[in-house]
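Participant: Just so you know, we're using the working numbering here: the sequence shown kicks off at 4 and counts up by one.
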Amino acid sequence: MRELNVVISGFDHYEGVDVNPAYEVPKAIAEQGLGAPLGTDDPLNDVHVTIHAVQLPVSFTKAWPQLKETIEATNPDIVIATGLKHSARSVMLERCATNLMDAERPDADNVIQRRKPIDPNGPAAYWTRLPLRSILQDFTDDSIAASLSSDAGTFVCNSLFYNLLNWTATQERVLGGFVSFPPVRPAGSAQHGLPLEQQIAAGRDVVREAIRYYLKPSSSDILIA
Numbered sequence: 004m005r006e007l008n009v010v011i012s013g014f015d016h017y018e019g020v021d022v023n024p025a026y027e028v029p030k031a032i033a034e035q036g037l038g039a040p041l042g043t044d045d046p047l048n049d050v051h052v053t054i055h056a057v058q059l060p061v062s063f064t065k066a067w068p069q070l071k072e073t074i075e076a077t078n079p080d081i082v083i084a085t086g087l088k089h090s091a092r093s094v095m096l097e098r099c100a101t102n103l104m105d106a107e108r109p110d111a112d113n114v115i116q117r118r119k120p121i122d123p124n125g126p127a128a129y130w131t132r133l134p135l136r137s138i139l140q141d142f143t144d145d146s147i148a149a150s151l152s153s154d155a156g157t158f159v160c161n162s163l164f165y166n167l168l169n170w171t172a173t174q175e176r177v178l179g180g181f182v183s184f185p186p187v188r189p190a191g192s193a194q195h196g197l198p199l200e201q202q203i204a205a206g207r208d209v210v211r212e213a214i215r216y217y218l219k220p221s222s223s224d225i226l227i228a
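1. Answer yes or no: do residue 220 and residue 87 have a C-beta to C-beta separation smaller than 9 Å?
2. Can you tell me which of 27, 210 and 43 puts its alpha carbon nearest to the alpha carbon of residue 138?
3. Expressed to the nearest angstrom, what Euclidean distance is found between the alpha-carbon atoms of residue 35 and residue 126?
4. Determine the DSSP secondary structure at residue 246, reduced to helix, strand or coil.
5. Could you check whether the stretch 110-119 touches the stretch 193-205, counting it as contact only if at least three pairs of C-beta atoms, one from each stretch, sit closer than 8 Å?
6. Assign residue 228 to buried or exposed, taking buried as 16 or more other Cβ atoms, counted over all protein chains shown, within 10 Å of its Cβ.
7. Run through DSSP, which three-state label would residue 85 get?
8. By the DSSP assignment, the beta strand (DSSP E) with residue 180 in it spans what residues?
9. May I ask you to verify whether the stretch 63-75 touches the stretch 44-54, counting CB pairs closer than 8 Å and requiring at least 3?
10. Taking 8 Å as the cut-off, does the stretch 102-113 touch the stretch 23-37 (at least 3 CB pairs, one atom from each stretch)?
11. Take residue 202 and list the residues in its own chain whose beta-carbon comes closer than 6 Å to its own, dropping the five residues that flank it on each side.
12. Which partner residues does residue 14 have in the DSSP bridge list?
13. Residue range of the beta strand (DSSP E) that residue 94 falls in?
14. Grab me the residues of residue 77's own chain with a C-beta within less than 7 Å of its C-beta, minus the 5 sequence neighbours each way, in chain order.
15. Note down the Cα distance separating residue 83 from residue 206, rounded to an integer number of angstroms.
16. Once the 5 residues before and after residue 158 are set aside, which same chain residues still bring their CB inside 6 Å of it?
17. Could you give the distance in angstroms between the alpha-carbon of residue 262 and the alpha-carbon of residue 39?
18. Is it buried or exposed for residue 166, if we count other Cβ within 10 angstroms and need 16 for buried?
19. What residues are listed by DSSP as bridge partners for residue 195?
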């Protein structure tokens, strides 16, 4: 049986957020696993997947080094970073990481980064290589509200996403991408967002489809435009 390592990261605290899906979703997936494969022909039947969850500070200078430390310790095949997008009404699949820090509020270190490149010598942007089309299809099958997002903004989420793809560009075969979760909506509430259990299910769909794509890449699974 083939062995695959997956790292899924989240953030440990957002100011004013009681239940942070970017903390809860990676933790739940690492603890509870991916669930049963979907039929006898599912490629996941022949794979043993180890999932490592890591919670990162909302810090421009600390988030990526801590994620990289976990990456170096676990040697993953797939790295999925997650964050919270306060304005989102659904799960957002991020297509692009841009080489820009431009914050209007301080990070966890009380630092405001304004109009600075993440890597002065790096490209202007990177595209995700997660199989967005097949992930969206899973979301549709599971009745999970989702959409594509052109980029992850210019705060810490984007900085982490860019650094991750900058690193994966140097690796022979490691998949990397970023998913933004909406606020957690309590059952019966009229506020925007999604219930936590739906967001955990979405996280599992992302990991499962990333694994299937890793095992059998197909250009039809990619959707970035």
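Idealized CB from N, CA, C, for every residue including glycine.
Facilitator: According to the structure data:
1. no
2. 210
3. 38 Å
4. Lying before the first or after the last residue shown, residue 246 is absent from the chain, which here runs from 4 to 228.
5. no
6. Low per-residue confidence applies at residue 228: pLDDT is 45, beneath 50, and the placement is therefore not dependable, though the value from the model is reported in the following sentence. Under this definition residue 228 is an exposed residue.
7. strand
8. 178-184
9. no
10. no
11. 24, 28 and 184
12. 59
13. 94-97
14. 8, 10 and 55
15. 9 Å
16. 106
17. Residue 262 lies beyond the residue range present for the chain, which begins at 4 and ends at 228; the question has no answer from this structure.
18. buried
19. BP columns for residue 195 are empty, so no partner.
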